[in-house]
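Colleague: At position 230 of the sequence shown (counting the first as 1) the number is 412 in my numbering, and the numbers step up by one without a gap. Quick reminder that beta carbons are idealized off the backbone N, C-alpha and C, glycines included.
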Amino acid sequence: MFNGSMMGLIHEEINIGSLRAAFTPTWLQAMVGRRNLQKEFSVKMSLCLSVLFSVFFHSTMASAQNVCDIRNDPHSFTCQKEAFIGRLFPLENLDWQNVMQDEWFASTYAVVNGNAGHGFVMDINPIRPTLPGRGVLNDHGQGQFSVVGSMWMTGNTVTFDNWQGARISSLPGSVVLLDKKTLQFDMSDRFRVIHRFQCRDFLRNKNHHLNCTWHTLNQNRVWDLRGFFGFVTRRVWDDFVRR
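#1: Of the residues Tyr291, Phe259, Ile252, Asp251, which one's Cα is nearest the Cα of Phe414?
#2: Spatial neighbours of Cys250 within its chain, please: CB distance less than 6 Å, with the 5 preceding and 5 following residues excluded, ordered by chain position.
#3: Could you tell me which residues DSSP puts in a beta bridge with Leu360?
#4: Within the continuous alpha helix (DSSP H) that includes Gln279, where are the two ends?
#5: Would you call the CB atoms of Asn344 and Asn320 closer than 9 Å?
#6: Which two residues bound the contiguous alpha helix (DSSP H) that contains Val294?
#7: Kindly confirm or deny that the segment 283 to 290 and the segment 331 to 341 touch, where touching means at least three C-beta pairs closer than 8 Å.
#8: Report the CB separation of His322 from Asn297 in whole angstroms; it is logged as a contact under 8 Å.
#9: For Asp421, name the three-state secondary structure that DSSP assigns.
#10: Can you list the beta strand (DSSP E) stretches of 3 or more residues lying completely in the segment 329 to 388, in chain order?
#11: From Val357 to Gln380, what does the alpha carbon distance come to, in whole angstroms?
#12: Quick one: Cα of Pro311 to Cα of Leu360, how far?
#13: Find out if the Cβ-Cβ distance for the pair Leu313, Phe384 is shorter than 9 Å.
#14: What's the C-alpha gap between Phe411 and Phe266?
#15: May I have the straight-line CA-CA distance separating His397 from Asp406, to the nearest angstrom?
#16: Where does Cys394 fall in DSSP's three states?
#17: Would you mind reading off the limits of the alpha helix (DSSP H) that contains Phe266?
#18: Between Val293 and Arg378, is the Cβ-Cβ spacing less than 9 Å?
#19: Short check: CB of Asp371 to CB of Gln401, under 9 Å?
#20: Considering Cα atoms alone, identify which of Arg417, Phe373, Val340 is closest to Ser352.
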């Protein structure tokens, strides 16, 4: 409980505060009020600018990750995606009966986070990292690798010589032209996983390049994008290796 002297002090402080307010000029009170408002506004603006900077920084970083740096990382996932939709090179009309009927070598591979994953790895030239080394490799685990090698297009059939250690071919009737620029075919591996490829053709250095999306069918019957494979004809690959 408060005693009498303490209550007196409280009343005295209240009275003093009231007197100060009563004898403070109106213009001075207004000035103090404006300064307080300015301080409050300054704090709010600082917080707002901090939030805007944070959003801008993160959006810029995200955008940078989605930009194709074709000079330094031409075989990245983003560059392969850009090439597939025709933003890097004009897409050719697919000539299935002539140009496509050939032996195509798996030269490049890209997944979302690099050039390795989902059982494959792209071998990089140790001297010139922007160029492929031995092409695309099957990753068998425990440091064991083998070259994927050739994809054959003959008649109405597509065949991989060495897909994760086995020879696989397109499913009957699955090789179709979706439009003038897109070839699609499905394959089933030894584990009964269904793979779908959609390929488009573009010219670079006067040579045909096939850029193919690779999907697998999941348990919910939905196609999951795994990555991109790049192919050149065996002749072009052999000429590249000899240089």
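Modeller: On the basis of the data shown:
#1: What sits at residue 414 in the sequence shown is Val, not Phe. Of the candidates Tyr291, Phe259, Ile252, Asp251, the one whose C-alpha sits nearest the C-alpha of Val414 is Tyr291.
#2: Thr260, Cys261, Glu264
#3: DSSP, once it has assigned bridges, lists no residue as partnering Leu360.
#4: Gln279 -> no alpha helix (DSSP H), and no H or E assigned at all.
#5: yes
#6: Neither: Val294 is in no alpha helix (DSSP H) and is coded neither H nor E.
#7: yes
#8: About 17 Å separates the two Cβ atoms, so there is no contact after all.
#9: helix
#10: 332 to 336, 339 to 345, 348 to 351, 358 to 361, 364 to 370, 376 to 386
#11: 10 Å
#12: 35 Å
#13: no
#14: The straight-line gap from Cα to Cα measures roughly 11 Å.
#15: 5 Å
#16: strand
#17: 259 to 266
#18: no
#19: no
#20: Val340
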